[in-house]
Structure formats: structure tokens, C-alpha cells
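A.B. asks: In the working numbering, the protein residues as written are 9 to 315.
After the C-alpha cells below, expect a handful of questions from me.
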């Protein structure tokens, strides 16, 4: 059994006391509005603080989980052990010429708007992605024909031993919803994007168009984990789910959206277990009806609740 009070005391050696919370309910920080408690929840304000926490947890065998905006993740109802680090206080963004450098806690939507203000084109696709820069790098986020790897130049990462280093876009091995960050447990803390000079009116028109498409097709009025499944080869997950007659199927407080079958929404104080059970039901039904395996895009992390 982990001594949470001792862990809190040790972590406060590296961070301001107000940036360290004990037994914090993670549902307060997730897009799904579900998730159990974190033993110790921290909000670092500098790369050095991240390095110190990483090194401490590595040396002492303490579990460490990194969250950005927690928009494409389901945290189980039993919560997360050890230290959970949320990077949203690292949100500085700089524009230099046609380059934008953003810290990983910045919302990628905000960065796309900063690009618009600077008349830089290339990030329009990100104007509706609800995650952080760090999460977008981790997943190689994309939408409407664009993805992070198209405009990324380099990333500053902190390795699993607490070492800071710079990696090029190529070294990140970005592909469909994956990157080397996932494989090596690296923490992205800063990204530099190379964009092109553009016409501000045209950039805004494109962003307005994509925003309209997103708002008209996606169930933004409810908490959700975003797109639940990866695109299966030769198919669209949402269409398979719709054709299987699964829209509005509900388990507990979570249901398959009637607006977009690729989304599951928290309509009635649902739990992580509701999400997980509904995901399994949808996977089994689609496999049975169409012989297609749906693989999750959303990550499921944390401990199952005690029975």
C-alpha cells in the first residue's frame, strides 16, 4: 500500500504546495466527466519541475501518469495510483516568422487561432480538436485531411529517466494515431510547427467551414471522449455502428450518440465502467454483424473500481 501522505510530502520538495493535490477526483479534469481519484495530482510550471518529478518517480518506483486536456482518455473509476501530472499550466505560445512554438499544455485549438491571427496557414485542421499540444503529439492528432505530422518541425521531450532532449518530426515516427512518445513513455513539453504565409480571410473562412462541419455533426453538447474508434481499413467506424442499429444504445449513463455514431456521450452521470462496457458491446456487435474489428482510439487507463 502506497503511503500517499509521504508521497505528497516528497513531491512538494519540487513544486509549489498549491500545485500539489492529494486524493483529487480526476472527473473534474476529464472531458468525459468520469474517473476516480489520483493519489497525488501535480501541475508543474516548468520543465525542471517535470524533470525532478520524473526522476523521483523513476528512482522510487512510483507510478507516473501524464495528462494534457484529458480529451481522448477514459480514466477508470478506481482512479490512478502514484503521481498524475497535468501539464495545462505550461501553455506559452510564441510566433517567430512562420514558426509557432507552443508548450504542451496549450490547447491546440488556441494555437490554431494564434496561427490565424499571424496569417499563417497549415493548422486550420486543428481548429476543432479539443486536446492539448502534448496530446496531439502523442496521438498524431488529425482531422479533415490534416494531421500534426504535416506541419511539425521538432519537439522537446523529457525521457522516462528525466533527461531533456530535442527530437525532429521524423524521429517521432508519427503515423496514424501513434508516435514514439507512446512507445518510449516520453513526455512532450514543447513543439515547433512550420507554417506558410497565408491570406487571413481565406484561413478564417476555412476554419469557419470546419467549425460548422464539426458543430453540425458532432455531439458537442455532452461530455465525451471524442472519437472512440480508429478508422478500420476500408470502412468508417461511425457508419458500421449506425448500420448495426446501435445509435442511442445506452449502458448506465453513457450512450452511443444519435448525432454521430462514432461518439459516446455521458448523458446521465455515467461512469468509466459504463463507457468501457458500452465500448465492448459495440465492438462485439459490429464484429458479429460485419466481421470487422473496431480498435479503440481512446485510451483507457487507471484501476478498475473495487467490487
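The beta-carbon is built from N, C-alpha and C at its ideal position, and this holds for glycine as well.
Nothing here was measured: the structure is a model prediction, and the numbers come from that model.
Any beta carbon of chain D sitting closer than 8 Å to that of residue 267?
C.D. replies: Any reference to chain D falls outside this structure, which holds one protein chain only.
A.B. asks: Return the bridge partner residues of residue 49 from the DSSP annotation.
C.D. replies: 29 and 92
A.B. asks: On the DSSP letters alone, give me the boundaries of the beta strand (DSSP E) that residue 285 sits inside.
C.D. replies: Here residue 285 belongs to no beta strand (DSSP E); instead the alpha helix (DSSP H) covers 280-298.
A.B. asks: Count the other C-beta atoms from every protein chain shown that fall within 10 angstroms of the C-beta of residue 96, then say buried if there are 16 or more, exposed otherwise.
C.D. replies: buried
A.B. asks: Among the candidates 158, 138 and 291, whose CA atom is the shortest distance from the CA of residue 223?
C.D. replies: 138
A.B. asks: Could you name the residues that DSSP lists as bridge partners for residue 272?
C.D. replies: Per DSSP, 264.
A.B. asks: Can you name the start and end residues of the alpha helix (DSSP H) that residue 119 belongs to?
C.D. replies: 116-125
A.B. asks: Using three-state DSSP, classify residue 250 as helix, strand or coil.
C.D. replies: Looking at residue 250 - three-state DSSP - the assignment turns out to be helix.
A.B. asks: Among 65, 90, 278 and 146, which one has its Cα closest to the Cα of residue 306?
C.D. replies: 146
A.B. asks: Compute the distance between the beta-carbons of residue 45 and residue 274, then report whether it is under 8 Å.
C.D. replies: no
A.B. asks: Between the region 109-120 and the region 192-199, do at least 3 Cβ pairs fall closer than 8 Å?
C.D. replies: yes
A.B. asks: Please go through the region 55-79 and give each complete alpha helix (DSSP H) segment of 4 or more residues, from N-terminal end onward.
C.D. replies: 55-68
A.B. asks: To the nearest whole angstrom, what separates the beta carbons of residue 215 and residue 100, a pair I think is in contact under 8 Å?
C.D. replies: A Cβ-Cβ separation of about 22 Å leaves residue 215 out of contact with residue 100 under the 8 Å criterion.
A.B. asks: Let me confirm a value: residue 31 is counted as buried when at least 16 other C-beta atoms fall within 10 Å, else exposed. Which label applies?
C.D. replies: exposed
A.B. asks: Measuring only from the beta carbon, is residue 148 closer than 7 Å to any heavy atom that is part of the ligand NAD?
C.D. replies: Absence of the ligand NAD from the depicted structure is noted, as is the absence of any ligand whatsoever, leaving it without description.
A.B. asks: According to the Cβ coordinates, are residue 189 and residue 203 closer than 8 Å?
C.D. replies: no
A.B. asks: The beta strand (DSSP E) with residue 83 in it runs from where to where?
C.D. replies: 81-83
A.B. asks: What is the DSSP secondary structure of residue 187, reduced to helix, strand or coil?
C.D. replies: coil
A.B. asks: Using a Cβ distance threshold of 8 Å, determine whether the region 71-88 contacts the region 11-21, with at least three qualifying pairs required.
C.D. replies: As far as the Cβ criterion goes, the region 71-88 does not touch the region 11-21, which means the pair count is below three.
A.B. asks: If you draw a straight line from the alpha carbon of residue 80 to that of residue 281, how long is it in whole angstroms?
C.D. replies: 16 Å
A.B. asks: I need the DSSP call for residue 147, collapsed to helix, strand or coil.
C.D. replies: helix
A.B. asks: Where do the N-terminal and C-terminal ends of the beta strand (DSSP E) with residue 107 fall, by residue?
C.D. replies: 107-111
A.B. asks: List the endpoints of the continuous alpha helix (DSSP H) containing residue 209.
C.D. replies: 208-225
A.B. asks: Going by DSSP, what residue range makes up the alpha helix (DSSP H) through residue 239?
C.D. replies: No alpha helix (DSSP H) contains residue 239, which DSSP labels as neither H nor E.
A.B. asks: According to DSSP, which residues form a beta bridge with residue 200?
C.D. replies: Bridge pairing for residue 200: 109 and 162 [DSSP].
A.B. asks: So, residue 227 versus residue 268, is the Cβ gap smaller than 8 Å?
C.D. replies: yes
A.B. asks: Count the other CB atoms within 10 Å of the CB of residue 84; is the residue buried (16 or more) or exposed (fewer)?
C.D. replies: Burial call: buried.
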